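What follows is a set of notes on a single structure, which appears directly below.
In full-length UniProt numbering, the protein residues as written are 1 to 524.
Written out as C-alpha cells, the structure is:
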C-alpha cells in the first residue's frame, strides 16, 4: 500500500519506546491505506529534515519513510511528558492511569478526521505501555540520564529477577539521547519543539508547570528557571525549605543522590550537603552563623561619641586616638553612624543640627588670617624656617638670603662655602637684584624648569604641614597663633628624620616619571 517501501528482514526493535509512535503510525497507515494520513504523518527520507530522518535511520535498518514534523511533535511530547510526570510521581498503576487520562483529554489529533482519534490514541497508548515496561531497566527513561531509574518498582517487569540478571540482560539503545544528538545542530528548534509539543496537552501542561515552579526547573529547556522579579525574602526562604524537604523525602525513598540531583535540578554536592545535615544534625534549615564578638564595648562607644562632640572636625582615626580606642577608621565610622552622627565636609554632627554654630565652619573670602613663611630643606633634614612680615619683594628676599639662608648653609650642609642653591622660577626669585647678590656671594644656582613642582621636594613638605594644620581647627586664630602652630609642625617634621630621607630617595623616580610623560603632570 505504501509506495516504494519494503520492510527489512530485521524488524524494528519494539523496546525502543521513543520510536514506537512512528512505528505504529506506519503500521496503521499500511492497514487503512489512507492517503491523507500518509501525506500528513510520513515523508520520504530524502525530503525529511536531517534531525527527523536520523530518528528513523538510527532505529530502523532500511526504513524509507520518516515521521513528519507533526508526528515528531507528538512523539517528542510523549517522551517529555512521561519523563517529567514520573519525575514527580512514583511509578504505579494509579499514576499511570492518571497520566493516560490527562493525555486522552486533549483535543489534538493526528491524521484525517476518520482515522485521527484512533491513530492518536493507539500511538500514545502503545508508547506509554512500552515505556512503563522498560522503566525498571532504566532504558529510555530519563533523556539526559538513561540509567537513573533502576530504583523504580511496581507492577512492571519480573520482581524475582536478580539485580545481576537485570544488568546482564541486553539493553536497547536510548533513543532520546540519539534524538538529542541529532538535533544538536539546531538547539533552538529542539527547545521550541519540546515546548510546543507539550502545548498539545493543556491539562498535563498545567500540572507539570505547577510542580516545576516549586522545584525551580524548566522542563522544556532542562535549565533552572530564571525569575524576572525579586521575590520577598520570606517567599525565597519557603522555596529553599520546600526543595530541601523534597531532597530528604527522596533520599528516604532510597533514591540515590545522583538521581535526586537530576530530579531537583541541584548539584550533587548540594544534595549531599542537605542529606548529611539532616542525617547528622536533624536539620533542614541553614546552619546557625557564628558571629564574631563586638570589637568595642558600650563604654568605648560612648567615649567615641564624646570625643567627636569635643572635636567635631577631626578625622575618624583622630577621634579613635582621642577616645583611647584601638580600632580601624571604618569601625570608628560605624560607631558614629550607630550614634546617629553624620559626616559631611569633615564634620561629625548630630541629626537636625545643620545650622548649629558649633558645627559650622565659616569661609571668609577676604580678611583671612595668613602667615607668609620661607623654609629650607637639605640632605641634613629640614633647615631654617623664617617668618616674612608683609609682602615678599625682591629686596626683602635679598635680606633673607644674606641674613638667614647663607649663614644656615655655612653652619650646616655647606661648611666649605661651596653652596649649591635651588629655587623655583617665582618672579621674586628670578629678579636681577637677587641674581646679582647670589653671584656676589659665590652661590651656585641649579637651573630649574618651569612648572617643576613635581621635582621640588619642598612642595611635599608644605603639603604635609597643611594637612596637619587643618586638623587643628585654627579657623579663628590670630596671625601669631597661626605662626606658633606652623613652628610646632615644622619642629615635629624636623624630628621625623625618615620623612626627608624618603623625599630625597624619591628624586630618581620623580625625574623618571616626569621624563616618561614629557613634562606633563605626574602623581607627585
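By construction, the Cβ of each residue, glycine as well, lies at the ideal position given by its N, Cα and C atoms.
On a predicted model such as this, the values are computed, not experimentally measured, just so you know.
* Proximity winner among 467, 277, 522 and 253, relative to residue 509 (alpha-carbon distances) -> For residue 509, the nearest C-alpha among the options comes from 522.
* To do: Determine contact between the stretch 435–451 and the stretch 492–509, defined as no fewer than three beta-carbon pairs at a distance below 8 angstroms.
  => Segments in contact, no.
* To do: Pick helix, strand or coil for residue 374, following the three-state DSSP scheme.
  => strand
* To do: To the nearest angstrom, report how far apart residue 488 and residue 380 are at their CA atoms.
  => 19 angstroms
* Three-state secondary structure (DSSP) at residue 406? -> helix
* Identify, in the order they occur along the chain, each residue of the same chain with its Cβ nearer than 7 angstroms to the Cβ of residue 268, setting aside the five sequence neighbours on each side. => 257, 258 and 261
* **Cβ neighbours of residue 376 in the same chain (closer than 6 angstroms, five flanking residues each side left out)** => 383 and 384
* Pairwise C-alpha distance: residue 246 and residue 265 -> 12 angstroms
* With 16 other Cβ atoms within 10 Å as the buried cut-off, status of residue 518 -> exposed
* Does the Cβ-Cβ distance between residue 117 and residue 109 come in under 9 angstroms? -> yes
* Asked: Roughly how many whole angstroms lie between the Cα atoms of residue 309 and residue 406?
  -> Approximately 48 angstroms between the Cα atoms of the pair.
* To do: Enumerate, from N- to C-terminal direction, the unbroken alpha helix (DSSP H) stretches of 4 or more residues contained entirely within the stretch 404–460.
  => 406–411 and 432–440
* Asked: Taking residue 324 as the reference, which of 333, 336, 301 and 334 has the closest Cα?
  -> Nearest of 333, 336, 301 and 334 to residue 324, Cα basis: 301.
* **Cβ neighbour criterion (16 or more within 10 Å) applied to residue 200** => Its pLDDT being 45, under 50, residue 200 is placed unreliably in this model, and the coordinates cannot settle the point.
* To do: Using the Cα positions of residue 35 and residue 121, report the straight-line distance between them to the nearest angstrom.
  => Looking at the two C-alpha atoms, the distance is approximately 20 angstroms.
* To do: Can you give me the Cβ contacts of residue 317 inside the same chain, cut-off strictly under 6 angstroms, excluding the 5 residues immediately before and after it?
  => Spatial neighbours of residue 317 in its own chain (CB-CB distance under 6 angstroms, excluding positions within 5 residues in sequence) are listed in chain order as 329.
* Asked: In the DSSP assignment, what are the bridge partners of residue 66?
  -> BP columns for residue 66 point to 43.
* Nonlocal neighbours in the same chain, by C-beta distance under 6 angstroms from residue 378, ignoring five residues either side -> Excluding the 5 residues flanking it on each side, residue 378 has same chain C-beta neighbours closer than 6 angstroms at 413, in chain order.
* Counted within 10 angstroms of its Cβ, other Cβ atoms place residue 81 as buried (16 or more) or exposed -> buried
* For residue 295, I'd like the list of residues in its chain whose CB is within less than 8 angstroms of its CB, leaving aside the five on either flank, ordered along the chain. => 327 and 331
* Asked: When DSSP labels each residue in this structure, what does residue 31 get in the three-state scheme?
  -> helix
* **Between the CA atoms of residue 451 and residue 516 - distance to the nearest angstrom** => 16 angstroms
* To do: Evaluate contact between the stretch 351–359 and the stretch 384–399, counting only Cβ atoms and requiring at least three cross-stretch pairs below 8 angstroms.
  => no
* To do: Out of 492, 444 and 478, state which residue places its alpha-carbon closest to the alpha-carbon of residue 465.
  => The candidate whose alpha carbon is nearest that of residue 465 is 492.
* Exposed unless 16 or more other CB atoms sit within 10 angstroms - verdict on residue 397 -> buried
* To do: Quickly, what does DSSP pair residue 400 with across the bridge? List them, please.
  => Answer is none; residue 400 lacks a bridge partner.
* Take the Cβ of residue 416 as the centre, count every other Cβ of all protein chains shown within 10 Å, and call the residue buried at 16 or more, exposed below. => exposed
* Asked: Between residue 99 and residue 119, is the Cβ-Cβ spacing less than 9 angstroms?
  -> no
* Other residues of its chain near residue 479: CB distance less than 8 angstroms, five sequence neighbours each side excluded -> 369, 370 and 371
* To do: Report buried or exposed for residue 115, applying the criterion of at least 16 other Cβ atoms within 10 angstroms of its Cβ.
  => Counting Cβ neighbours within 10 Å, residue 115 comes out buried, since at least 16 surround it.
* Exposed unless 16 or more other CB atoms sit within 10 angstroms - verdict on residue 512 -> exposed
* Asked: Grouping DSSP H, G and I as helix and E and B as strand, with all else coil, what is residue 325?
  -> coil
* Asked: Apart from the five residues on each side of it in sequence, which residues of its chain come closer than 8 angstroms, Cβ to Cβ, to residue 423?
  -> 429, 445 and 448
* How would you call residue 102, buried or exposed, if buried means at least 16 neighbouring beta carbons within 10 angstroms? -> Residue 102 comes out buried.
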